[in-house]
Amino acid sequence: MDHAVKKSSRGYNQGGITPDTGFRPGSGCLTLAKITAVVLVLIGLHLQAFAAAPDAPVYEVGGGEVRYVDFPVYFVSDESRSVDVTDIAAGAIPGEVIPSRYHIPEVIADRWFIFDIRNSSGGPVTRIIRLDEAIFEVAELYYQQDGNWVRLQGGLNIPLNERALKNRTPSFAVSLSPGETRRLYLKFYSGTFHLTLGARLESPEQAVLFEQKFLFVYMMFFGAVGALLAYNLFLLLSLRDMIYLYYVMHGVCFLVWTAFYNGFDFYFHDNLEINLGLMPVVPLIAAFQTMFMRRLLDTRLYLPLLDRFLAGIALYFFAISAGTFVNQGVYHYLALSVPALVIVLLGTGIYSVYRRLPMAPYYLAASSGNVIGSFFLAGVCIGAIEYSFPARHGILIGFTAEMIIFALALAYRVKRLENEKLHYQKEATRIEKSAREKLEVLVDRRTAELRKSNLELEKLSNTDGLTGLLNRRYFDERLRGEWHRLQRSNGVLSLVIGDIDYFKKYNDHYGHVEGDHCLQRVARTIMDSVGRKSDVPARYGGEEFVVLMPETGLDGAREVAERILNSLAEENIPHRQSSFGKVTMSLGVAEFFPSRGQEPDDAVKKADALLYQAKMQGRGQVVSGPDIS
Numbered sequence: 195m196d197h198a199v200k201k202s203s204r205g206y207n208q209g210g211i212t213p214d215t216g217f218r219p220g221s222g223c224l225t226l227a228k229i230t231a232v233v234l235v236l237i238g239l240h241l242q243a244f245a246a247a248p249d250a251p252v253y254e255v256g257g258g259e260v261r262y263v264d265f266p267v268y269f270v271s272d273e274s275r276s277v278d279v280t281d282i283a284a285g286a287i288p289g290e291v292i293p294s295r296y297h298i299p300e301v302i303a304d305r306w307f308i309f310d311i312r313n314s315s316g317g318p319v320t321r322i323i324r325l326d327e328a329i330f331e332v333a334e335l336y337y338q339q340d341g342n343w344v345r346l347q348g349g350l351n352i353p354l355n356e357r358a359l360k361n362r363t364p365s366f367a368v369s370l371s372p373g374e375t376r377r378l379y380l381k382f383y384s385g386t387f388h389l390t391l392g393a394r395l396e397s398p399e400q401a402v403l404f405e406q407k408f409l410f411v412y413m414m415f416f417g418a419v420g421a422l423l424a425y426n427l428f429l430l431l432s433l434r435d436m437i438y439l440y441y442v443m444h445g446v447c448f449l450v451w452t453a454f455y456n457g458f459d460f461y462f463h464d465n466l467e468i469n470l471g472l473m474p475v476v477p478l479i480a481a482f483q484t485m486f487m488r489r490l491l492d493t494r495l496y497l498p499l500l501d502r503f504l505a506g507i508a509l510y511f512f513a514i515s516a517g518t519f520v521n522q523g524v525y526h527y528l529a530l531s532v533p534a535l536v537i538v539l540l541g542t543g544i545y546s547v548y549r550r551l552p553m554a555p556y557y558l559a560a561s562s563g564n565v566i567g568s569f570f571l572a573g574v575c576i577g578a579i580e581y582s583f584p585a586r587h588g589i590l591i592g593f594t595a596e597m598i599i600f601a602l603a604l605a606y607r608v609k610r611l612e613n614e615k616l617h618y619q620k621e622a623t624r625i626e627k628s629a630r631e632k633l634e635v636l637v638d639r640r641t642a643e644l645r646k647s648n649l650e651l652e653k654l655s656n657t658d659g660l661t662g663l664l665n666r667r668y669f670d671e672r673l674r675g676e677w678h679r680l681q682r683s684n685g686v687l688s689l690v691i692g693d694i695d696y697f698k699k700y701n702d703h704y705g706h707v708e709g710d711h712c713l714q715r716v717a718r719t720i721m722d723s724v725g726r727k728s729d730v731p732a733r734y735g736g737e738e739f740v741v742l743m744p745e746t747g748l749d750g751a752r753e754v755a756e757r758i759l760n761s762l763a764e765e766n767i768p769h770r771q772s773s774f775g776k777v778t779m780s781l782g783v784a785e786f787f788p789s790r791g792q793e794p795d796d797a798v799k800k801a802d803a804l805l806y807q808a809k810m811q812g813r814g815q816v817v818s819g820p821d822i823s
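Residue numbering for the sequence shown follows our numbering, starting at 195 and increasing by one per position.
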């Protein structure tokens with residue numbers, strides 16, 4: 195959109211209106227001198243910006259199909275973002291000559307490219323100045339014409355229909371008369387850091403031809419990947435296998451990212467918020483790829499520990515996507531995570547090949563192509579790899595190769611599963627006919643493995659995650675079980691309940707991380723102080739611990755409690771907020787005979803009352819009592 199920009203009070207014409215020269219008929223030589231002086235002043239004022247501006251490079255654009263790519267420009271960076279073109283033209287901010295292929299560092303600033311174009315030919319010419327990346331919130335071109343500033347706009351903040359040229363990237367057309375030289379001020383701002391852009395100066399025909407080639411490449415990419423996605427969407431609806439859903443969603447998210455990263459989405463809408471609202475699809479690419487990998491490699495079966503880790507990675511990227519939807523600042527966490535993700539995904543592929551997982555070669559070959567393309571794109575963006583069209587857009591080849599290989603892998607996977615099914619059916623028939631005993635042995639072995647897995651799972655579910663002791667749920671179940679057993683055998687049971695003294699003050703003074711370390715050290719002390727395998731040390735809750743001691747009387751239980759207290763004293767854990775100067779415990783010890791008609795809850799209440807008595811008597815001690823029911 196072309197429009198004149200009024201000058202500041204630096205001596206420019208206001209709105210293009212020529213001031214009164216003071217001419218009067220009959221003024222004579224004095225009047226002529228005044229006119230001459232005024233004209234000279236006006237000319238000087240008109241050329242002030244051009245003369246005060248930096249010594250910018252000059253490029254001949256007249257005659258022939260001349261194209262300038264990555265050409266030297268005078269560069270100015272305005273980190274205040276408050277300087278207008280008149281100040282830039284007057285040289286208010288010093289600059290330097292750099293190539294127009296520029297890497298945007300992680301610094302918020304308005305940046306300016308300044309250069310001259312000259313038409314030495316005998317006819318008028320029109321030239322296109324454009325940036326080869328789309329994601330600029332602000333992109334404006336300024337030049338002077340007839341004493342006024344002309345501003346052309348083309349950034350993301352400007353709807354496509356209102357841009358200087360209706361193109362996905364900021365593009366501007368400038369016309370020059372024969373023999374005319376014009377200074378151009380190209381201003382741009384992007385909130386996306388670590389982006390490498392280039393400016394191009396070329397004829398309209400060259401610009402159209404380049405864009406046609408660019409669109410051809412990308413439409414081929416969209417068509418190829420779109421056909422693969424449509425085919426696998428049909429398989430998803432037919433087979434109802436979640437792996438096809440992950441494949442399709444991975445591809446769709448990548449296509450959406452490619453569209454908005456390269457500005458194609460503005461052909462369908464004119465709202466910057468919609469463009470920014472597409473950012474959450476980027477972490478979804480990683481999330482769905484991770485889910486697809488888990489399913490393709492069947493890590494749940496072959497690598498169960500790694501499978502849980504990969505599930506956590508997928509959940510992390512789903513969280514990043516949701517967070518970006520709420521607050522776009524969360525998106526920056528993605529840049530920190532992607533290098534680690536690449537290492538994990540490639541490492542998983544290599545390890546899976548080493549373990550000879552059935553689909554591992556397919557996965558490693560497919561992901562390697564995409565990783566290489568992403569590596570070159572990232573290298574170009576951060577300025578580590580020299581810009582070229584293959585390096586910048588090679589990710590299209592890598593991703594297309596990845597999708598094709600994954601599609602072939604899915605087809606092979608279906609065939610392999612069918613073959614495995616037939617093989618297992620034949621093998622089962624042969625085993626059933628030839629040796630039923632072997633089948634029983636196999637069933638027994640699998641049952642034992644399942645039992646072992648269940649025991650391990652049960653152990654994990656019964657363990658307190660912080661201290662490694664048994665948790666309260668297990669303690670409650672064990673207490674009820676021992677209680678009923680000792681009711682029948684008229685046995686005795688003792689219970690020790692302990693509480694870390696002044697633990698809240700410890701947390702407040704040393705912090706929760708040190709508080710967790712303290713809990714762990716106390717737990718190890720308790721575990722080391724308990725002698726018998728039948729005793730049950732557990733974390734009851736917070737800083738409270740309990741030891742269940744079946745077939746143990748009051749004296750034996752008190753001995754264990756005293757041992758805990760003494761061992762903790764030897765640990766000598768500093769506690770400045772305690773009157774003891776170190777971490778201590780108060781312990782209550784109670785003895786019970788379940789056959790006398792009490793309930794398990796009565797035992798806990800009794801021991802807890804003795805613990806309270808220990809605290810009331812000054813803490814750091816053991817108080818015990820028999821069953822007086």
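Think of the CB as a built atom: it goes at the ideal place given N, C-alpha and C, for glycine as much as any other residue.
Check                                                                                                                                                                                        : Outcome
Which residue's Cα is closest to the Cα of residue 600: 441, 702, 539, 718?                                                                                                                  : 441
Would you be able to state if there are at least three C-beta pairs under 8 Å between the segment 419-432 and the segment 457-476?                                                           : no
Can you give me the C-alpha to C-alpha distance between residue 398 and residue 317, rounded to a whole angstrom?                                                                            : 16 Å
Give every residue of the same chain whose Cβ lies closer than 6 Å to the Cβ of residue 357, excluding the five residues on either side of it in the sequence, and list them in chain order. : 348
For residue 253, report the span of its beta strand (DSSP E) as first-last.                                                                                                                  : 252-254
Report buried or exposed for residue 565, applying the criterion of at least 16 other Cβ atoms within 10 angstroms of its Cβ.                                                                : buried
Quick one: measure Cβ to Cβ for residue 251 and residue 266, integer angstroms, because I've assumed they're closer than 8 Å.                                                                : 5 Å
Would you identify the three-state DSSP class for residue 587, choosing helix, strand or coil?                                                                                               : helix
Going by the beta-carbon positions, is the gap between residue 261 and residue 400 smaller than 9 Å?                                                                                         : yes
With 16 other CB atoms within 10 Å as the buried threshold, where does residue 338 fall?                                                                                                     : buried
Note down, in chain order, each residue of its chain lying with its Cβ closer than 7 Å to the Cβ of residue 591, except the 5 sequence neighbours on either side.                            : 567
Under 9 Å between C-beta atoms, does residue 486 make it to chain C?                                                                                                                         : The structure shown contains no chain C; it is built from a single protein chain.
Let me check one thing: in DSSP terms, what residues is residue 738 bridge-paired to?                                                                                                        : 693, 735
Apply the 10 Å Cβ neighbour rule to residue 311 and answer buried if 16 or more other Cβ atoms are within range, or exposed otherwise.                                                       : buried
Going by other Cβ atoms of all chains shown within 10 Å of its Cβ, with 16 needed for buried, is residue 520 buried or exposed?                                                              : exposed
Is the Cβ-Cβ distance between residue 786 and residue 687 less than 9 Å?                                                                                                                     : yes
I'd like to know if the segment 705-712 and the segment 743-750 are in contact, where contact means that at least 3 CB-CB pairs between them fall below 8 Å.                                 : no
Could you check which residue in 700, 532, 283, 589 has the C-alpha nearest to that of residue 268?                                                                                          : 283
Just to confirm my understanding: we take residue 806, look at its own chain, exclude 5 residues before and 5 after, and list those with CB closer than 8 Å. What are they?                  : 782
Which residues mark the beginning and the end of the beta strand (DSSP E) in which residue 779 is found?                                                                                     : 779-786
Threshold first: 3 residues or longer. Then list the beta strand (DSSP E) segments lying entirely within the segment 429-497, N to C.                                                        : none
Taking 8 Å as the threshold, find out whether the segment 619-635 comes into contact with the segment 475-491 through three or more Cβ pairs.                                                : no
Starting from the Cα of residue 490, find the closest Cα among 556, 507, 670, 535 and give me that residue.                                                                                  : 556
Less than 9 Å between the C-beta atoms of residue 325 and residue 382, yes or no?                                                                                                            : yes
May I ask you to report which of helix, strand or coil DSSP gives residue 334?                                                                                                               : strand
By Cβ distance, which residues of its chain are closer than 7 Å to residue 719, with the 5 residues on each side in sequence left out?                                                       : 758, 761, 762, 765
Exposed or buried, which one is residue 361 when buried takes at least 16 other CB atoms within 10 Å?                                                                                        : buried
With a CB to CB cut of under 6 Å and the five nearest residues on each side skipped, what residues in its chain are close to residue 551?                                                    : 491, 496
As a quick exercise: from 685, 731, 624, pick the residue whose alpha carbon is nearest that of residue 656.                                                                                 : 731
Inspect the CB distances between the segment 689-698 and the segment 792-807 and report whether three or more fall short of 8 Å.                                                             : yes
Between which two residues does the alpha helix (DSSP H) holding residue 670 run?                                                                                                            : 666-683
Give every residue of the same chain whose Cβ lies closer than 8 Å to the Cβ of residue 539, excluding the five residues on either side of it in the sequence, and list them in chain order. : 483, 484, 487, 561, 565
If you follow the alpha helix (DSSP H) that residue 804 is in, where does it begin and where does it stop?                                                                                   : 794-810
Look up residue 308 in the DSSP assignment and say whether it is helix, strand or coil.                                                                                                      : strand
Roughly how many whole angstroms lie between the Cα atoms of residue 810 and residue 721?                                                                                                    : 26 Å
Work out the CA separation of residue 511 and residue 380 for me, nearest whole Å.                                                                                                           : 38 Å
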